[in-house]
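K.L.:
2 protein chains.
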Amino acid sequence: MGICSFTQKIIPPDINMKKSICYHSIVCCIFYLLVGCSDDAANRNDLTQTDPLPSWNEGKTKSAIIDFVDRATDPEHQDFIAIEDRIATFDNDGNLWSEQPMYFQLLFTIDRVKAMAGQHPEWKEEQPFKAVLEDDIPTLLSLEHKDLFKLLMATHAGITTTAFNQEVKKWMKFSKHPRFNQPYTELVYQPMLELMQFLRSKDFQVFIVSGGGVDFMRAWVTDVYGIPSYQVVGSSMASKFEESQGRVVINKVAKIDFIDDKEGKPVGIHKFIGKRPVFASGNSDGDLQMMQYTAAGEGSRFMLYLHHTDGKREWAYDRNSSIGKLDKGLDEAKKHNWTVIDMAKDWRVIYPFEQ
Amino acid sequence: MGICSFTQKIIPPDINMKKSICYHSIVCCIFYLLVGCSDDAANRNDLTQTDPLPSWNEGKTKSAIIDFVDRATDPEHQDFIAIEDRIATFDNDGNLWSEQPMYFQLLFTIDRVKAMAGQHPEWKEEQPFKAVLEDDIPTLLSLEHKDLFKLLMATHAGITTTAFNQEVKKWMKFSKHPRFNQPYTELVYQPMLELMQFLRSKDFQVFIVSGGGVDFMRAWVTDVYGIPSYQVVGSSMASKFEESQGRVVINKVAKIDFIDDKEGKPVGIHKFIGKRPVFASGNSDGDLQMMQYTAAGEGSRFMLYLHHTDGKREWAYDRNSSIGKLDKGLDEAKKHNWTVIDMAKDWRVIYPFEQ
Numbered sequence: 071m072g073i074c075s076f077t078q079k080i081i082p083p084d085i086n087m088k089k090s091i092c093y094h095s096i097v098c099c100i101f102y103l104l105v106g107c108s109d110d111a112a113n114r115n116d117l118t119q120t121d122p123l124p125s126w127n128e129g130k131t132k133s134a135i136i137d138f139v140d141r142a143t144d145p146e147h148q149d150f151i152a153i154e155d156r157i158a159t160f161d162n163d164g165n166l167w168s169e170q171p172m173y174f175q176l177l178f179t180i181d182r183v184k185a186m187a188g189q190h191p192e193w194k195e196e197q198p199f200k201a202v203l204e205d206d207i208p209t210l211l212s213l214e215h216k217d218l219f220k221l222l223m224a225t226h227a228g229i230t231t232t233a234f235n236q237e238v239k240k241w242m243k244f245s246k247h248p249r250f251n252q253p254y255t256e257l258v259y260q261p262m263l264e265l266m267q268f269l270r271s272k273d274f275q276v277f278i279v280s281g282g283g284v285d286f287m288r289a290w291v292t293d294v295y296g297i298p299s300y301q302v303v304g305s306s307m308a309s310k311f312e313e314s315q316g317r318v319v320i321n322k323v324a325k326i327d328f329i330d331d332k333e334g335k336p337v338g339i340h341k342f343i344g345k346r347p348v349f350a351s352g353n354s355d356g357d358l359q360m361m362q363y364t365a366a367g368e369g370s371r372f373m374l375y376l377h378h379t380d381g382k383r384e385w386a387y388d389r390n391s392s393i394g395k396l397d398k399g400l401d402e403a404k405k406h407n408w409t410v411i412d413m414a415k416d417w418r419v420i421y422p423f424e425q
Numbered sequence: 071m072g073i074c075s076f077t078q079k080i081i082p083p084d085i086n087m088k089k090s091i092c093y094h095s096i097v098c099c100i101f102y103l104l105v106g107c108s109d110d111a112a113n114r115n116d117l118t119q120t121d122p123l124p125s126w127n128e129g130k131t132k133s134a135i136i137d138f139v140d141r142a143t144d145p146e147h148q149d150f151i152a153i154e155d156r157i158a159t160f161d162n163d164g165n166l167w168s169e170q171p172m173y174f175q176l177l178f179t180i181d182r183v184k185a186m187a188g189q190h191p192e193w194k195e196e197q198p199f200k201a202v203l204e205d206d207i208p209t210l211l212s213l214e215h216k217d218l219f220k221l222l223m224a225t226h227a228g229i230t231t232t233a234f235n236q237e238v239k240k241w242m243k244f245s246k247h248p249r250f251n252q253p254y255t256e257l258v259y260q261p262m263l264e265l266m267q268f269l270r271s272k273d274f275q276v277f278i279v280s281g282g283g284v285d286f287m288r289a290w291v292t293d294v295y296g297i298p299s300y301q302v303v304g305s306s307m308a309s310k311f312e313e314s315q316g317r318v319v320i321n322k323v324a325k326i327d328f329i330d331d332k333e334g335k336p337v338g339i340h341k342f343i344g345k346r347p348v349f350a351s352g353n354s355d356g357d358l359q360m361m362q363y364t365a366a367g368e369g370s371r372f373m374l375y376l377h378h379t380d381g382k383r384e385w386a387y388d389r390n391s392s393i394g395k396l397d398k399g400l401d402e403a404k405k406h407n408w409t410v411i412d413m414a415k416d417w418r419v420i421y422p423f424e425q
């Protein structure tokens, strides 16, 4: 506890505000004459000394990020960015949390198919449901888009948005990741949590812009990332306002409304955020157009690619992966001198539970 | 200037922060012993005494609003609302600014048709363009949706989002309202500006949820209402990410993407905000479903209808108006005891320029 906090404590509570503030000042000054005053100042100094990215190893990646933020927030610098323009967009799968052995939303979908199978005996013989019920992983990993949509429609529609939100929350609470035996919400990247917090502390507005389902993400991202529901951009099903048993509800309809991937990402950014980002962070070719859109703006901007290089602590994959393929993106990053995180080299810690 | 602000000014600028804070305290205390210290405390007292809604006449409408906010922000009260749930949604046309003699976006559209007519000689003989070019107001006011869409498509598409934004800004700067000879951005309701500011000061997140075009609104709402682009929900055209002359751009496409009106409003709220509001404000039957959706949530909530009753200072219209028709909404408000603003009675001032 600092001196001035202490003086606040020793002031009688029944004293009025105006008086108390001045008692506070007086006691504070007496302390100053004796031992040096003002924990406020002390705190300020602490802040400037604190490492905003403790889970990042020192090196050019960490320096590039901190340097960009320093320039963007220095009113004297030519790279200064006005607070209202400090829009930062982050992909989610494979960028803020892991996406192996398959997208976590697909694992949720699989569990939901199994839970719903009782009311759908026909699924035993019908693909892609058959593959799900028989844990036929090779088939699941090779599913085409139309089959994935079939699974999504069966499990993400015909339910109110409120009920779906509760289903996701329940799954997040009780399911565990096969490799780490941890809740999926523990498989978030500690360095990225720190990066988002660092940006927020510098008046950046942090958004998720993900190919994942927006209703799926909104059920947990606020608790896990500190991002409010209205700063989450994602893929969505159509929804319909209806009256049911005398109550108005919004039902999820078995129809794709928006795919927030590739060219869809800048479109989604314009549609939901309405401003071009100055900072974009992603890990796959699905994020390339978001990077290009961010890079094409005027003034200072920062494009950040995460390269999965750590086969020991996480997973190593890029150009030939069926999940989170990073091929063109790597070439473009090199060509335009965008910053690339080498996970194995740049991250001291990957998951919060390692600490 | 308060005493402590004054002491800050008289402290040599070159002095370091830790020292300055204590000099500040010392000088502050000396002043206290002489004349009584702490403008901080004074300001606090002022704040509690300040009327947050000075342009609202005293009465049950103003009291109902302040009472709701007091209860929602009192942790001891059963009607307390957690900060993350303090979502307030406001319709725009006829609710935050005027909508007569026709929607201002339609007036923008008309001016744009005239400006573009040179490249479209065929418009001279083609409705609805003919009516626009001949200032045939009766025809314009009786236009069907498909004709309005024709005008919108011709004037709001085939242009980049950036260029469109500049066109709207230019129009807002140079156009004036026919009746008041003021820029359209001056025809905002002073009492609503105060209400939005009051809610923000109590940690509510204020959103626009309007049938108007989101790209049209985002060009000016931040300057005029203090609402960031990502807290504006509106109707939208489709848009496409494209490369043009080596630069990536987003082009507005002649196709309706979303209509944020009637049943579309709760759908838009779910889609863009992802949370059910606790406070909803509107002025027409187009806002009714937003009110119903807000009212259907659990806990304390506030539904506010604006009734245009002031034919002298603004316009008087409701059940039989072709613009901003308020018929079912009035009945529902009465039935469910929602708060209805009587503009003539409840508002001391309507427009900022009256002051």
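In the order they appear, the protein sequences are chains A and B.
For the numbering used here, add 70 to where a residue sits in the first sequence, where the first one is 1.
For the numbering used here, add 70 to where a residue sits in the second sequence, where the first one is 1.
C-beta: ideal position from N, C-alpha, C; glycine also.
Determine, using beta carbons only, whether S299/B comes closer than 7 Å to chain A.
P.N.:
Closer than 7 Å: yes.
K.L.:
Take D412/A as the anchor and find which of D121/A, S271/A, E128/A, P122/A has the nearest alpha-carbon.
P.N.:
E128/A
K.L.:
Under three-state DSSP, which class holds M413/A?
P.N.:
helix
K.L.:
Interface residues of chain A around F311/B at Cβ under 9 Å?
P.N.:
K332, E333, G334, K335, P336, V337, H340, Q359, Q362, Y363
K.L.:
Report the rounded CA-to-CA distance for V294/A versus I278/A, giving the unit in angstroms.
P.N.:
12 Å
K.L.:
Just to confirm, is the Cβ distance from Y363/B to P336/B under 7 Å?
P.N.:
yes
K.L.:
Hey, out of V276/B, N235/B, Y254/B, W167/B, whose CA is closest to K322/B's CA?
P.N.:
N235/B
K.L.:
Identify the contact partners of A324/A in chain B, using a Cβ-Cβ distance below 8 Å as the criterion.
P.N.:
Within chain B, no residue comes near A324/A; the closest Cβ sits about 16 Å away, beyond 8 Å.
K.L.:
Quick one: Cα of S212/B to Cα of T230/B, how far?
P.N.:
30 Å
K.L.:
Could you give the first and the last residue of the continuous beta strand (DSSP E) run that contains S351/B?
P.N.:
349 to 352
K.L.:
For the beta strand (DSSP E) containing Y375/B, name the first residue and the last one.
P.N.:
372 to 379
K.L.:
Inspect the beta-carbon positions of T428/B and M242/B and report whether they are closer than 7 Å.
P.N.:
Only positions 71 to 425 of chain B appear in this structure, which leaves residue 428/B out of reach.
K.L.:
What residue does the beta strand (DSSP E) around F160/B start on, and which one ends it?
P.N.:
157 to 160
K.L.:
Assuming V258/A and L269/A make a contact with CB atoms under 8 Å, what is their CB distance in whole Å?
P.N.:
About 16 Å separates the two Cβ atoms, so there is no contact after all.
K.L.:
Suppose the cutoff is 8 Å on Cβ atoms and the five residues either side in sequence are ignored; what does the same chain contact list for G20/B look like?
P.N.:
Nothing about residue 20/B can be read from this structure; chain B reaches only from 71 to 425.
K.L.:
Quick one: does G344/A have its CB under 7 Å from some CB of chain B?
P.N.:
yes
K.L.:
Answer yes or no: does any C-beta atom of chain A fall closer than 7 Å to that of A187/B?
P.N.:
no
K.L.:
May I ask you to list the residues that DSSP assigns as paired with T230/A?
P.N.:
N321/A
K.L.:
Taking G283/A as part of the beta strand (DSSP E), name the residues at either end of that continuous run.
P.N.:
275 to 283
K.L.:
Grab the span of the beta strand (DSSP E) containing K200/B for me, first residue to last.
P.N.:
Looking at the DSSP string, K200/B is not in any beta strand (DSSP E); the run it does join, the alpha helix (DSSP H), is 199 to 203.
K.L.:
Could you give the distance in angstroms between the alpha-carbon of L358/A and the alpha-carbon of K332/A?
P.N.:
7 Å
K.L.:
Thinking C-alpha only, which one of I151/A, T409/A, G334/A is nearest D273/A?
P.N.:
I151/A
K.L.:
Nearest-angstrom Cα distance between H247/A and P253/A?
P.N.:
6 Å
K.L.:
Check each candidate in E195/A, L218/A, N162/A and name the one with the smallest Cα separation from I180/A.
P.N.:
Among E195/A, L218/A, N162/A, the Cα nearest to that of I180/A is on L218/A.
K.L.:
Report all residues from its chain with a CB closer than 8 Å to the CB of H406/B; omit the five preceding and five following residues, and keep chain order.
P.N.:
A365, M373
K.L.:
Can you name the residues of chain A whose CB is closer than 7 Å to the CB of V410/B?
P.N.:
Against V410/B, chain A offers no close residue; the least beta-carbon distance is about 20 Å (beta-carbon pairs closer than 7 Å).
K.L.:
Who pairs with E312/B in a beta bridge, going by DSSP?
P.N.:
V319/B
K.L.:
Give me, in chain order, the residues of the same chain whose beta-carbon lies closer than 6 Å to that of L376/A; leave out the 5 immediate sequence neighbours on both sides.
P.N.:
N165, N353, I411
K.L.:
Would a check of beta-carbon distances place L288/B closer than 7 Å to chain A?
P.N.:
Residue identity differs from the one stated: residue 288/B is Arg in this sequence, not Leu. Interface residue, yes.
K.L.:
Specify the secondary structure class of A386/B as computed by DSSP and reduced to three states.
P.N.:
strand
K.L.:
Kindly list, in the order they appear in chain B, the residues whose Cβ is closer than 9 Å to that of V284/A.
P.N.:
K341, G344
K.L.:
Please report the straight-line C-alpha distance between G228/A and R288/A, rounded to a whole angstrom.
P.N.:
Rounded to whole angstroms, G228/A to R288/A spans 18 Å at the Cα level.
K.L.:
If we ignore side chains and look at the alpha-carbon of each, how far apart do E313/B and M360/A end up?
P.N.:
13 Å
K.L.:
List the residues that DSSP assigns as beta-bridge partners of S305/A.
P.N.:
G283/A
K.L.:
Have a look at A414/B and D380/B and give me their C-alpha separation to the nearest angstrom.
P.N.:
5 Å
K.L.:
Tell me the rounded alpha-carbon separation between N390/A and L400/A.
P.N.:
12 Å
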